[in-house]
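A.B. asks:
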Amino acid sequence: MKPYYERAGISIYHGDCHEVFPVLPPKSFSVMLTDPPYCSGGASSSAKTADPVDKYCHNGNALGRPTFSGDAKDQRSFVTWSVFWMSACRRLLKDGGYGLVFTDWRQLPSLTDAFQAADFTWRGLIAWDKGGGSRSPHKGYARHQCEYLVWGKNGKCRPRQDAGPFPGCHHEPVRHADKFHIVGKPTELMVKLVDFCPQGESLIDCFAGSGTTLVAAAKTGRFGAGIEREEANCEIAAERLDELFDVSCRQ
Ligand SMILES: C[S@@+](CC[C@H](N)C(=O)[O-])C[C@H]1O[C@@H](n2cnc3c(N)ncnc32)[C@H](O)[C@@H]1O
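The sequence shown begins at 98 in my numbering and counts up one residue at a time.
1. So, using beta-carbon positions, are Phe277 and Ser233 closer together than 7 Å?
2. Looking only at C-alpha atoms, which of Phe181, Ser179, Val150 and Ile301 sits nearest to Ser166?
3. Helix, strand or coil for His278, going by three-state DSSP, please let me know.
4. Could you spell out where the beta strand (DSSP E) holding Val104 opens and where it closes?
5. Does the segment 124 to 140 come close enough to the segment 259 to 277 to have 3 or more Cβ pairs within less than 8 Å?
6. In terms of DSSP beta bridges, what is Tyr110 paired with?
7. Quick one: give me the first and last residue of the beta strand (DSSP E) that Lys191 is part of.
8. Report the three-state DSSP secondary structure of Glu244 (helix, strand or coil).
9. Nearer than 6 Å: is that true of the beta carbon of Lys282 relative to any heavy atom of ligand 1?
10. Could you spell out where the beta strand (DSSP E) holding Ser127 opens and where it closes?
11. Do you know how far the Cα of Ser207 is from the Cα of Phe199?
12. Is Thr209 a contact residue of ligand 1, with contact defined as CB to any heavy atom under 6 Å?
13. By Cβ distance, which residues of its chain are closer than 7 Å to Leu286, with the 5 residues on each side in sequence left out?
14. Take the Cβ of Gln204 as the centre, count every other Cβ of all protein chains shown within 10 Å, and call the residue buried at 16 or more, exposed below.
15. Could you tell me whether any non-hydrogen atom of ligand 1 is closer than 6 Å to the CB of Gly137?
16. If you draw a straight line from the C-alpha of Cys331 to the C-alpha of Phe304, how long is it?
17. Please work out which residues of its chain come closer than 8 Å, Cβ to Cβ, to Pro122, disregarding the five sequence neighbours upstream and downstream, and give them in chain order.
18. Let's see if you can read the secondary structure: which residues bound the beta strand (DSSP E) around Ser299?
19. Near Lys145, what residues of its chain come up, given a Cβ to Cβ distance below 6 Å and the 5 sequence neighbours on each side ignored?
20. Since Ala305 is in the beta strand (DSSP E), which residue starts that stretch and which ends it?
21. Using a 10 Å radius around the Cβ and a threshold of 16 neighbouring Cβ atoms, would you call Lys227 buried or exposed?
22. Would you check if the distance between the CB atom of Val291 and the CB atom of Arg319 is smaller than 7 Å?
23. Using 6 Å as the cut-off, classify the Cβ of Glu327 as near or not near the heavy atoms of ligand 1, replying yes or no.
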């Protein structure tokens, strides 16, 4: 399978992650850092199966960014599917490689179950604090201010001399000018998280969206592969990477 985009050690594959995993070399990535569809966003089945633009973008703030698929699984199929893709991706990780997977408060228990069922050794959680601008359904509620990374290892957690200890909490607000996907992550957050990957080594993002993980990797001297099912998002990611590489060529 030919990558949709390839430049300076960064590749994007357009397709379902299950089609792409078999073409990638086993035990070749140091880190899996990824942001899968949360399949969250509502207590009722009609709320859960709504288009992600309606689920996650309040007050019309999709701002023309494309929607995405794969977000409507019910709870049991979300767990089963998560075990499948994490198991398949774990085989692409080096022994002792890191797994870091984003989730929200609703899906946290299911995701930690799936992470361990996929044979990752669960080591902890990293909180992403989005700040006081986060949504609160109404007064009397605690804001849904944090999302989480479930993190662990493909095997043993050996002490590192080159990096860490890494922060267990990141405060990083979402800025519209830095959001290229309706649920895109801040570039600065991803720049901090790619620290888990030693410089010069490679990471994989199985749900690359607008390519924020790959942009962070490219900015900081890492290599990587991203997989994305929606071509519109592959194109946005490719444009972001080209812009970054073109600027660094001019410098
Ligand atoms: C939460 S978004 C990732 C956003 C990304 N972190 C960013 O900053 O842009 C998840 C992405 O996974 C993609 N996706 C869903 N199911 C997929 C699958 N089975 N294989 C590959 N990509 C998939 C969706 O199209 C969506 O863009």
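Even for Gly, the Cβ is constructed at its ideal location relative to N, Cα and C.
C.D. replies: If we stick to the structure as given:
1. No, they are not a contact pair.
2. Of the residues Phe181, Ser179, Val150 and Ile301, the one whose Cα lies closest to the Cα of Ser166 is Val150.
3. Here His278 sits in coil by DSSP.
4. Reading the sequence as shown, one finds Arg at residue 104 and not Val. Counted as a single uninterrupted DSSP element, the beta strand (DSSP E) harbouring Arg104 occupies residues Tyr102 to Arg104.
5. A contact between stretches requires three or more CB pairs, one per stretch, nearer than 8 Å, and the segment 124 to 140 fails this requirement with the segment 259 to 277.
6. The partner list for Tyr110 (beta bridge, DSSP) reads Ile324.
7. Its beta strand (DSSP E) spans residues Leu190 to Thr200.
8. In this structure, Glu244 counts as strand in the three-state DSSP scheme.
9. In this structure, Lys282 has its CB closer than 6 Å to one or more heavy atoms of ligand 1.
10. Per DSSP, the unbroken beta strand (DSSP E) holding Ser127 starts and ends at Phe126 to Thr131.
11. Taking the CA atoms as reference points, Phe199 sits about 12 Å from Ser207.
12. No; taking the cut-off as 6 Å, the Cβ of Thr209 has no heavy atom of ligand 1 nearer than that.
13. Contacts found: Trp225, His267 and Glu269.
14. It counts as buried.
15. The sequence as given places Ser at residue 137; Gly does not occur at that position. Flag unset: Cβ of Ser137 not near ligand 1.
16. Approximately 10 Å, taken between the alpha carbons.
17. Cβ within range, chain order: Leu189.
18. Residues Ser299 to Asp302.
19. Excluding positions up to five away in sequence, the list reads Gly139.
20. Per DSSP, Ala305 belongs to no beta strand (DSSP E) and is neither H nor E.
21. Buried, since its Cβ has 16 or more Cβ neighbours within 10 Å.
22. Cβ atoms of Val291 and Arg319: closer than 7 Å.
23. Look at Glu327: its beta carbon is less than 6 Å from one of the heavy atoms in ligand 1.
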